[in-house]
Ligand SMILES: Nc1ncnc2c1ncn2[C@@H]1O[C@H](COP(=O)(O)OP(=O)(O)OP(=O)(O)O)[C@@H](O)[C@H]1O
Ligand SMILES: [Mg+2]
């Protein structure tokens, strides 16, 4: 029983990271209807920037918001510089650019910081949350920070004008223009926010998996799995999907002997395929119904 | 008084297909003009060209300023509200959010809530459904919402694309009464595209007949209504 609870807790903790990545993916998907393959590499790069600042001796809680800000600006700039010009280009052009971004971030990280793995300290400390607790300090921190991020985003989209404008632009870009919303600016904002959320995920997971250029590869796949599971059209679904993937991954790795550590990733991919077969729009996703 | 909207030699095409072949017309300050024509004549295209949703050539002057090079967002900010064909509601957002979006370009403040109340006064049905997703409204209710959203801009010029489309005769009459009110009280100028020609000619001061992308007849609404040819082709009596 204890092992079971421990595995659930661990699953929720990594699930929190998948939830963040899934949310970042959905955010960009809503705006441009493509999956950003480079999302993970962008997050990895942000994490390196954080590591570098820590090396320079800046305190963690200065670095954290600073990196979020830098990542926001970076994501915003990527959209403006790279994606705005190909707004109406065919799918293939987007895919090519995603792959290019992926390769650029990956090799630049290796070039600047070399490929050896680096330890990133946890701002929450090591060990259990309290004497004999089944949840570690860092795990609790990951869950807590994620919940705060989710709450802030929810508030932003529900109560602010810009949040409403972003939702409107995602639902119906043409009508959004007709009420005076600068839709392409909303897309860039979405990129900035996705990049910032990815940075949070990267910084939170780095103390667990160690920092290296390929750190986010499997995490992005889990994030995709979460997003697809929950439904690419539903941010809430993506978050729930991320948590489910985290828990399932952990339980399967522990209790199904043949799976073990090595087969955990295929489990995530299996989940994607299975959900798509049964519910093509994901758990909370909407199928587009056109009214005529 | 100079017209609020003056269109000169407007051309537009979709790829190789030329749809507008240099049309010219105007809407007077506080006046209502209607654009009549058969299906596919280019009415919707004309409205879309005016507010920059498609590429266009020609001169479009609004309130003394050329707007034919401006983006849709910039044109809307100048006070032109477009009620598009097919209504263009934000289907997954609530009715009230749709209305708030109509006022997106206005400074935030109390008068926005007051205007929402005013819309609810015009369309009590929308008030009952204020928290409901707009996509779940009936076609007629969505049309009301589209018009209410346009009013939220506090426009000086409204472009209406078939406001009676899909509405029961009762509701249609209601909507045209409201439009007449808006014209009289707020002095909003309008360019109305309608299949229901007698209804449109009832509210309009001026009318233009458009055929395959060209204006073939223009004049006072009264004169057009009395024209034999128009009667036979559009009014059916
Ligand atoms: N997006 C488009 N791509 C290609 N051709 C189009 C497009 N939209 C309209 N057309 C063509 O342009 C012509 C004019 O269309 P438009 O929608 O302006 O007609 P309309 O007068 O509004 O007709 P209706 O009364 O049926 O709404 C039609 O022949 C139509 O096929
Ligand atoms: Mg039309």
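Residue numbers (the UniProt record's numbering), protein chains in the order written: chain A, 1 to 292; chain B, 1 to 237.
Here a beta-carbon is modelled for each residue, glycine too, at the ideal position from N, C-alpha and C.
Reduced DSSP category for residue 107/B - H, G, I as helix; E, B as strand; rest coil: coil
Close-in-space but distant-in-sequence residues of the same chain around residue 18/A (CB under 6 Å, 5 per side omitted): 222, 223, 226, 242, 245, 246
Inter-stretch contact at 8 Å, needing at least 3 Cβ pairs: the stretch 268–287 of chain A / the stretch 227–242 of chain A: yes
DSSP-derived helix/strand/coil call for residue 46/B: helix
Minimum Cβ-Cβ distance from residue 263/A to chain B less than 8 Å: no
CB of residue 99/B within 8 Å of CB of residue 154/B, strictly: no
Residue 91/B in three-state terms, based on DSSP: coil
At least 3 beta-carbon pairs within less than 8 Å: the stretch 192–212 of chain B vs the stretch 39–52 of chain B: yes
For residue 11/B, the residue or residues it bridges with in DSSP: 21/B, 57/B
Residue from 23/A, 265/A, 1/A, 7/A whose Cα sits closest to the Cα of residue 228/A: 23/A
Residue 82/B: contacting residues in chain A (beta-carbon distance under 7 Å): 178
Presumed contact (8 Å Cβ cut-off) between residue 12/A and residue 143/A, rounded CB distance: 6 Å
Where residue 36/A falls, given that 16 or more other Cβ within 10 Å makes a residue buried: buried
CA-to-CA distance, residue 104/A to residue 216/A, given in whole angstroms: 14 Å
Contacts of residue 77/B in chain A (Cβ-Cβ under 7 Å): 180
Span of the beta strand (DSSP E) around residue 189/B: 189–193
Contact check, residue 190/B vs residue 144/B, beta carbons under 8 Å: no
Under 7 Å from the C-beta of residue 133/B: neighbouring residues of chain A: Here the premise fails: no neighbours, minimum Cβ distance about 10 Å.
Between the CA atoms of residue 31/A and residue 87/A - distance to the nearest angstrom: 11 Å
Cβ-Cβ distance between residue 192/B and residue 156/B below 8 Å: no
Contact set for residue 77/B: own chain, Cβ-Cβ below 8 Å, skip 5 residues either direction: 105
Segment contact flag, the stretch 159–169 of chain B with the stretch 123–135 of chain B, C-beta cutoff 8 Å, min 3 pairs: no
Spatial neighbours of residue 291/A in its chain, beta-carbon cut-off 6 Å, leaving aside the 5 residues before and after: Bear in mind that a pLDDT of 42 at residue 291/A, under 50, signals an unreliable position, so the model cannot answer this.
Residue range of the unbroken beta strand (DSSP E) whose run includes residue 211/B: 206–211
Closest residue to residue 93/B among 42/A, 120/A, 167/A, 81/A (Cα-Cα distance): 167/A
Cα-Cα separation between residue 19/B and residue 140/B, rounded to whole angstroms: 29 Å
Beta strand (DSSP E) segment containing residue 215/B, residue limits: 214–220
8 Å Cβ cutoff, residue 158/B in contact with chain A: no
Cutoff 8 Å; reference residue 141/A; Cβ partners in own chain excluding five residues on either side: 122, 123, 124, 204
Sheet register partners of residue 136/A (DSSP bridge): 128/A
Straight-line gap, residue 9/A to residue 147/B (C-alpha atoms, nearest Å): 52 Å
C-beta neighbour in chain B for residue 165/A, strict 8 Å: yes
9 Å Cβ cut-off: residues of chain A touching residue 100/B: 161, 164
Chain A within 8 Å of residue 172/B, Cβ atoms only: no
Residue 105/B at chain A interface by Cβ criterion, 8 Å: yes
Proximal chain B residues relative to residue 168/A, where beta-carbon distance stays under 7 Å: 90, 93, 101
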